[in-house]
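**Q** Chains as they are written, first to last, in the working numbering: chain A, 136 to 473; chain B, 4 to 114. All C-beta atoms in this analysis are idealised placements derived from N, C-alpha and C, irrespective of residue type, glycine included.
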């Protein structure tokens, strides 16, 4: 087997084992990713493969396709649906995995983030804007927390469709960590409300280490020394930052209330819309719709699939981290063995 | 009153004394104040505004690496997760101490 694929399976095994041992499964909302994959996986993976293939037939380079995909953590997250790649022929599975890794390398220096950092090839920040104002630091932390919660609603269990953390970059004796938030429009919720902001960037000078994995899960948060916030390319601080935060909180609160009556099936549809939207730029190049296939919605409506969360939690408790790592790694290797 | 102490998984350290607010629906978010300790059965992000507002967080589910744990660290609020049966043990208005340095939640006044 291809060494890069083997490495990929090892890295995924390590990352997911750590996550499970952190007792994440019991807290996942509104379903666990395996349940979402049951409905969405094969439709999405097949479409992703065919879309990339069509772009290549039109002579798009890997670099061009990567740029259309926008960011690396989104690409890495596609691998969480990769058990559904069994819908493809064995060679196509390898081809898709290799393509996605190639796209990742367009953004990341180490695509696997093995050192616990996510170093981008072309990070954009300017340390001259860093400030130590404690109120601004507190507000930037609140902003980050609010956006993480909001993204969990827009992209349930797939939050990396809307954010990427990267760093640590060394600037002299300073350590820089960057949090970027994007795709904030509530399109996946089916709410036609224009979100006032496209991108938010929080740049932090930190003390201590961070720990990010392949999927961009942040396992260890460092202490902040100074920070700055950039909203749609404009540096925002002091009273302006406070006003922006308050407006954003109000806007998000309104959006949340509109989801009050969403059923479990509605949330699967939100998930499906979110992940299909992530291919929008690719689809636009081909002049095709990025809508979710109607058969997928029919599947959500007509089939009931549930994994008992208590059994998942029990499995996690009864196995060591090493055992879970091995089981996960092997399940990924099996995708490519057939 | 017998002193009752409960534990779970610490998501973020800190120590705080306050009154319990149970959050089980979106409407419950409105009653949460900045001095309250919220208790939730699950970690739904739909309760965002309560997480953002409260002084400390207790939940029946989750662990040190779940999303709510990351959020509690961003907010630097004491947070203990996976507290068994928390939404039945802690009642609205109870005065409790959450000591997330030592993974202890103590009921100080049972109203």
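Starting from the N-terminal side, write out each stretch of the beta strand (DSSP E) that is 3 residues or longer and does not extend beyond the segment 298–345 of chain A.
**A** Counting only runs of 3 or more, we get 298–306, 309–316, 335–342.
**Q** Should residue 30 (chain B) go down as buried or exposed, given a rule of 16 or more other Cβ atoms within 10 Å for buried?
**A** With fewer than 16 Cβ atoms within 10 Å of its Cβ, residue 30 (chain B) is classed as exposed.
**Q** Can you check DSSP and say which residues form a bridge with residue 365 (chain A)?
**A** Beta-bridge pairing links residue 365 (chain A) to A:336, A:370.
**Q** Any idea what DSSP makes of residue 450 (chain A), helix, strand or coil?
**A** Correct three-state label for residue 450 (chain A): helix.
**Q** Got a sec: is the Cβ-Cβ distance from residue 25 (chain B) to anything in chain A below 8 Å?
**A** False, the Cβ-Cβ gap to chain A never drops below 8 Å.
**Q** Do residue 311 (chain A) and residue 260 (chain A) have their C-beta atoms within less than 8 Å of each other?
**A** Closer than 8 Å, so yes.
**Q** Any C-beta of chain B sitting closer than 8 Å to the C-beta of residue 373 (chain A)?
**A** Taking Cβ atoms only, chain B never reaches closer than 8 Å to residue 373 (chain A), which makes this a no.
**Q** Report the CB separation of residue 136 (chain A) from residue 471 (chain A) in whole angstroms; it is logged as a contact under 8 Å.
**A** With a Cβ gap of about 6 Å, residue 136 (chain A) and residue 471 (chain A) count as contacting.
**Q** Quick check: what's the CA-CA separation for residue 43 (chain B) versus residue 89 (chain B)?
**A** Rounded to the nearest angstrom, the two C-alpha atoms are 8 Å apart.
**Q** Could you tell me the distance, in whole angstroms, from the CA atom of residue 202 (chain A) to the CA atom of residue 350 (chain A)?
**A** Rounded to the nearest angstrom, the two C-alpha atoms are 18 Å apart.
**Q** Quick one: what's got a C-beta closer than 7 Å to residue 289 (chain A)'s C-beta in the same chain, skipping five residues either side?
**A** Around residue 289 (chain A): 297, 321, 323, 324, 409.
**Q** Have a look at residue 387 (chain A) and residue 80 (chain B) and give me their C-alpha separation to the nearest angstrom.
**A** Going by the C-alpha atoms only, they are around 21 Å apart.
**Q** Would you kindly work out how many angstroms separate the C-alpha atoms of residue 337 (chain A) and residue 196 (chain A), rounded to a whole number?
**A** If you take the alpha carbons of residue 337 (chain A) and residue 196 (chain A), they lie about 32 Å apart.
**Q** Does the distance from the C-beta atom of residue 285 (chain A) to that of residue 51 (chain B) stay below 8 Å?
**A** Cβ atoms of residue 285 (chain A) and residue 51 (chain B): closer than 8 Å.
**Q** At least one CB of chain A closer than 8 Å to the CB of residue 31 (chain B): is that the case?
**A** No, its Cβ sits nowhere closer than 8 Å to a Cβ of chain A.
**Q** Ordered along the chain, which non-local residues of its own chain (more than five positions away) have a Cβ less than 8 Å from that of residue 18 (chain B)?
**A** These residues qualify, in order along the chain: 81, 100, 101, 102, 103, 104.
**Q** Taking only beta-carbon positions, decide if residue 48 (chain B) is within less than 8 Å of chain A.
**A** It does; some Cβ of chain A falls within 8 Å.
**Q** Using only the alpha-carbon positions, how far apart do residue 150 (chain A) and residue 214 (chain A) sit?
**A** If I take the Cα positions, the gap works out to 12 Å.
**Q** At the level of alpha carbons, what is the spacing between residue 232 (chain A) and residue 299 (chain A)?
**A** One C-alpha to the other measures close to 21 Å.
**Q** Could you tell me whether the Cβ of residue 162 (chain A) comes closer than 8 Å to any Cβ of chain B?
**A** Chain B, which has a Cβ nearer than 8 Å to the Cβ of residue 162 (chain A), makes this yes.
**Q** For residue 187 (chain A), report the span of its beta strand (DSSP E) as first-last.
**A** No beta strand (DSSP E) contains residue 187 (chain A), which is instead part of the alpha helix (DSSP H) from 168–192.
**Q** Are the C-beta of residue 287 (chain A) and some C-beta of chain B separated by less than 8 Å?
**A** Output row for residue 287 (chain A): interface = yes.
**Q** If contact means a Cβ-Cβ distance below 8 Å, which residues of the segment 362–394 of chain A contact chain B?
**A** Taking 8 Å as the Cβ-Cβ cut-off against chain B, the residues of the segment 362–394 of chain A that qualify are 384, 387, 388, 391, 392, 394.
**Q** With a threshold of 6 Å on Cβ separation, who are the neighbours of residue 106 (chain B) within its own chain once the five nearest residues in sequence on each side are excluded?
**A** For residue 106 (chain B), where only same-chain residues beyond five positions count, the Cβ hits under 6 Å are 10, 13.
**Q** Return no unless some Cβ of chain A is closer than 8 Å to the Cβ of residue 10 (chain B).
**A** Answer no: the Cβ-Cβ gap between residue 10 (chain B) and chain A never drops below 8 Å.
**Q** Can you tell me the Cβ-Cβ gap for residue 147 (chain A) and residue 397 (chain A), rounded? I've got them flagged as a contact below 8 Å.
**A** That belief does not hold up - the Cβ atoms of residue 147 (chain A) and residue 397 (chain A) are roughly 30 Å apart, past 8 Å.
**Q** Report the option in A:144, A:316, A:442, A:430 whose CA atom is closest to the CA atom of residue 175 (chain A).
**A** Comparing Cα positions, the closest option is A:430.
**Q** Check whether the Cβ of residue 42 (chain B) lies closer than 8 Å to any Cβ atom in chain A.
**A** So no, residue 42 (chain B) is outside the interface.
**Q** Please list the residues of the segment 270–286 of chain A that have a C-beta atom closer than 8 Å to any C-beta atom in chain B, keeping them in chain order.
**A** Those would be 276, 277, 279, 280, 281, 283, 284, 285, in chain order.
**Q** For a contact defined as C-beta to C-beta under 7 Å, what are the partners of residue 78 (chain B) on chain A?
**A** Near residue 78 (chain B) (Cβ distances below 7 Å), the residues of chain A are 276, 277, 280.
**Q** Would you identify the three-state DSSP class for residue 380 (chain A), choosing helix, strand or coil?
**A** Three-state DSSP puts residue 380 (chain A) in a helix.
**Q** What separation, rounded to the nearest whole angstrom, lies between the Cα atoms of residue 36 (chain B) and residue 93 (chain B)?
**A** Straight-line Cα distance between these residues: approximately 17 Å.
**Q** Kindly confirm or deny that the segment 419–434 of chain A and the segment 176–190 of chain A touch, where touching means at least three C-beta pairs closer than 8 Å.
**A** As far as the Cβ criterion goes, the segment 419–434 of chain A touches the segment 176–190 of chain A, which means the pair count is three or higher.
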